[in-house]
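Worksheet: one structure, shown below.
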């Protein structure tokens, strides 16, 4: 007998009662996602798997005290990088929330480290009790003219596709490319389809014929659904709707009330992007369950969306339910409205209790195959000249990126500005405007774009961050060049993270030593530091309350979201899909 | 660009309206199995796939005249051999019923021809518009002591498992073996699991801890569910319930009323065994739809069970729904209660209309790798002595197989019998009893078992058939040795099929020239011949109306179903799981 057969035989022997099981849970109410019901039943566990529902001999018995027993929760689409946590630290964040499986798209770290970034996420998370499945980033870089750290073509992805922990192809966000029939995108999609793996979608606001063209390719799901109309059209086209409740986008309240009874099976839950402080405060997929029940969804249906449906979407036959042979990932909760996880089990092992992780969680990062061989911050900027951020606007009219609070979309403004005798712009002469700059940081090309920002409100200092979607170059904003220079230089010295400068003094530092995106520090500490820095940015730098100081900057460099953005190559007009000068001809006529 | 990319790009170009589609259907009501609703929408088709729901340019437009448009129906588990039809002739039977995909387990032909039998089914059906997926027979022979034509071990199955048309492992009917942890069964199960393919179940009447042990292995489904209690326990354990309505077993009326609303998604439809005359008269999966709606099931739910749910059970991502990218298999019907298929399309092509197939359907059998190189009737019997069926019962007491009308289960009777001076049994002296014999026919071993049958009622003749589950040796029954000999010799000469003899004359012949199980003759002709022979068996041979004359015999040799059966090695006591003598010690005390 080979090992697998021996292992399977042990399971059968345990389930049949010929060998003692590892664990028998009694006095539990099992949430049955297959029949949509709750029933009192013993549940047995052996070798990390559920064995069945019979009173069989077991080495250990657990009295659940009448608690509800749910399958472990599944996040159907998340970028772990948004939590700023390494895989182990992310596990520390979400295991206490009852999450035992995530489909993670390492799009951000791949933009910094390329294939090595994917390998980091795959290997670093391999031995964790959190089951991290990897969706291979399909759009690195996000746009062809971007200065990302890597270009991942289909051949690069192919090296990973057969790994059993790879769920398939990550969100195909170049939806215009797909709809236009771009062969590179289609090749990547086929790479997943041929293995019968999922190909994740990203199609915000796409409807009708364009949505037909997008899904005719075999893309499996969409997490960018924001309206009932989109929801209906996506479901009709056979896409799984991954209902999102992240730190920025919050879609449940818009979508769940519009969902017909038969369509629940086609919906799962995801966070997409969720910051550590939000997870610490409001939870993870357990938060979706609470929201859904508050919105009137039947609790068992809510659990089903957070478990079985996600497992089915990704073909994870051993996940998503309490049933013989499936992985014994489960959560004990006291009720089906608050869903507070009392105890969380992964593969049959108690891993978290009352919000605390009970097992050691260590990252086991591989060696890098490129560069230094280490997963450092990836900060490779050319030296910055003292006048790097000088901005000349000869005609006195400038394009300005207008921040829309709580939105990734910006306004494309054209404004009259006051300049000095040589035509240089100074914030002091232009209330309401500040400077923003993006500095290439992957291969020291020295590329640097400088522009103007309205609505950020910063006074008396600067902020710099190495998180800047999707290329993660350095972005800085401030009301004076000196503080901006100080912030960026401190950021380089720290090898990535977030730096805040107030009147010539560094007043806040969050180091993100992995790719300039992630930290291996305890999430609670990261959350506290970040919370303090956000408070200080509002208090000391006068950034308005409705503008999140760091995340807002991180999205100013994303040239695929309207209207005006900035990259290391300069200002980008998303509507015209072309670079433009900050110096404009003249203000728009009123 | 490689071919696949070019092909996919053409689909996208069509869906986006840049290239004309092949077909645009207007004025149809689309049954949407994702949202559980019906809506009026155009449906476009190109390159054999659905493109979408937009009015796009197309080379051909079809006005559906307000008909309902359903996804093509799926039979989740069938033995094509029960229809006595070759794959092409089976397609001729079921395409007009709206069936476009079947999961076929070639268990019967594999018992005759082994791996060649699997190859016959795979290759012969390759170019048909009916999509035949093959589940690899896991239990050949059905019992270790059986004289089947082949033994298929895990290595033999492994040769087929990666074929994309192989759905996985066929029904694991040796459920006692699985529950006992038999390594051979577990090895076969793992063969499917490792490829992420389905492993089909067969667990009649199994409950509780035994059912836990059965499903802990990863078996995916069960079509042997006969009671609401079994249904509930199977669903709870994560098994797909394949609800059966065949020629013998009819389970829908027992099960559908017991099904809770959330559990519908875990149920699909299957026939298991369905004879040609039943398909011709009552239909195939369309019959399930009619039955289900009559039993009160919502029509769209019924369609969903007959389409999407089966596709999901088997991981067929391109089947089971009308949605962009899926295979354009669909059916037009006038209403959602009769479900009479007006037109049936497979891969975008009109293949049947008003009960008639419109396209040529040809079997393309491969060459055999063994024996004659031909797929002949597989009749390899040793010559039969004239006294082959002589039966001596010295003590005047005999075990008798008691037929239970409309059941595969038999009674184990012990009866006093009258014998001649030499102790030989003659039917003429024993009203109500007849002889039954099973003759090994795969390798001319000369093995031959003779026994007694009650309830068959035959007078003045004999019947012989080469269909005898599961080993398909020859079985004959008659009230005199001469007619039995004549029937079996005629059967050998015909190279398999069914023969009926009345008073020394052959009065009926159904040749089954492939494996002694299948014919390539038109199904209507087969159905007519069979109908005439059944009528004659009742009229001329006095077989009671409640006993199907041929099928009844075919199951007398199946030694895994209680209580007393007969094989070429003699009488088999299923309860004791041991061979027994026909001559008994004495009748049971009354």
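Residue numbers (the numbering used here), protein chains in the order written: chain Z, 147 to 736; chain L, 147 to 736. Positions of the beta carbon are idealized from the N, C-alpha and C atoms, including for glycine.
Residue burial classification, residue i (beta-carbon count within 10 angstroms, cutoff 16)
| i | result |
| --- | --- |
| residue 430 (chain L) | buried |
| residue 421 (chain L) | buried |
| residue 531 (chain L) | exposed |
| residue 472 (chain L) | buried |
| residue 148 (chain L) | exposed |
| residue 553 (chain Z) | exposed |
| residue 564 (chain Z) | exposed |
| residue 174 (chain Z) | buried |
| residue 695 (chain L) | buried |
| residue 535 (chain L) | buried |
| residue 736 (chain L) | Because residue 736 (chain L) carries a pLDDT of 44, less than 50, the predicted location of this residue cannot be relied on, and no value is offered for it. |
| residue 180 (chain L) | buried |
Cβ-heavy atom distance, residue i to the ligand NAD, below 6 Å
| i | result |
| --- | --- |
| residue 556 (chain L) | Absence of the ligand NAD is noted for the structure shown, with no ligands found whatsoever. |
Limits of the unbroken alpha helix (DSSP H) element including residue i
| i | result |
| --- | --- |
| residue 203 (chain L) | Residue 203 (chain L) -> no alpha helix (DSSP H), and no H or E assigned at all. |
| residue 266 (chain L) | 261-270 |
| residue 558 (chain Z) | Per DSSP, residue 558 (chain Z) belongs to no alpha helix (DSSP H); it is in the beta strand (DSSP E), 556-562. |
| residue 360 (chain L) | 354-361 |
| residue 669 (chain Z) | 669-687 |
| residue 114 (chain L) | Absent from the structure is residue 114 (chain L), since the part of chain L shown begins at 147 and ends at 736. |
| residue 646 (chain Z) | It is not in any alpha helix (DSSP H) - residue 646 (chain Z) instead sits in the beta strand (DSSP E) that spans 643-648. |
Proximity winner among the options, relative to residue i (alpha-carbon distances)
| i | options | result |
| --- | --- | --- |
| residue 637 (chain L) | L:649, L:608, L:617, L:615 | L:608 |
| residue 194 (chain L) | L:164, L:250, L:246 | L:246 |
| residue 482 (chain L) | L:511, L:500, L:458, L:446 | L:446 |
| residue 342 (chain Z) | Z:460, Z:333, Z:412, Z:252 | Z:460 |
| residue 645 (chain Z) | Z:592, Z:669, Z:675, Z:444 | Z:675 |
| residue 664 (chain L) | L:235, L:167, L:179 | L:235 |
| residue 629 (chain Z) | Z:612, Z:611, Z:621, Z:606 | Z:606 |
| residue 390 (chain L) | L:348, L:383, L:423, L:407 | L:348 |
| residue 402 (chain L) | L:444, L:338, L:510 | L:444 |
| residue 232 (chain L) | L:286, L:669, L:692 | L:669 |
| residue 728 (chain L) | L:159, L:212, L:689, L:569 | L:569 |
| residue 217 (chain L) | L:414, L:466, L:273 | L:466 |
| residue 252 (chain Z) | Z:271, Z:456, Z:239 | Z:271 |
| residue 368 (chain L) | L:385, L:184, L:375, L:357 | L:385 |
Residue i and residue j closer than 7 Å at C-beta
| i | j | result |
| --- | --- | --- |
| residue 730 (chain L) | residue 544 (chain L) | yes |
| residue 580 (chain L) | residue 594 (chain L) | no |
| residue 470 (chain Z) | residue 197 (chain Z) | yes |
| residue 242 (chain L) | residue 498 (chain L) | yes |
| residue 363 (chain L) | residue 324 (chain L) | yes |
| residue 452 (chain L) | residue 435 (chain L) | yes |
| residue 332 (chain L) | residue 151 (chain Z) | yes |
| residue 284 (chain L) | residue 315 (chain L) | yes |
| residue 222 (chain Z) | residue 457 (chain Z) | no |
| residue 654 (chain L) | residue 682 (chain L) | yes |
| residue 292 (chain Z) | residue 562 (chain Z) | no |
Anticipated Cβ contact below 8 Å, residue i with residue j, distance rounded
| i | j | result |
| --- | --- | --- |
| residue 215 (chain Z) | residue 476 (chain Z) | 6 Å |
| residue 661 (chain Z) | residue 258 (chain Z) | 4 Å |
| residue 387 (chain Z) | residue 412 (chain Z) | 6 Å |
| residue 230 (chain L) | residue 658 (chain L) | 6 Å |
| residue 647 (chain Z) | residue 667 (chain Z) | In fact, because the Cβ distance is near 22 Å, the residues do not count as touching under 8 Å. |
| residue 200 (chain Z) | residue 354 (chain L) | 6 Å |
Limits of the beta strand (DSSP E) - the one that residue i falls within
| i | result |
| --- | --- |
| residue 223 (chain Z) | 219-224 |
| residue 490 (chain L) | 487-492 |
| residue 343 (chain Z) | Taken as a continuous stretch (DSSP letters only), residue 343 (chain Z) belongs to no beta strand (DSSP E), as it is neither H nor E. |
| residue 705 (chain Z) | That residue, residue 705 (chain Z), is in no beta strand (DSSP E); it is neither H nor E in DSSP. |
| residue 549 (chain L) | 543-549 |
| residue 247 (chain Z) | 245-250 |
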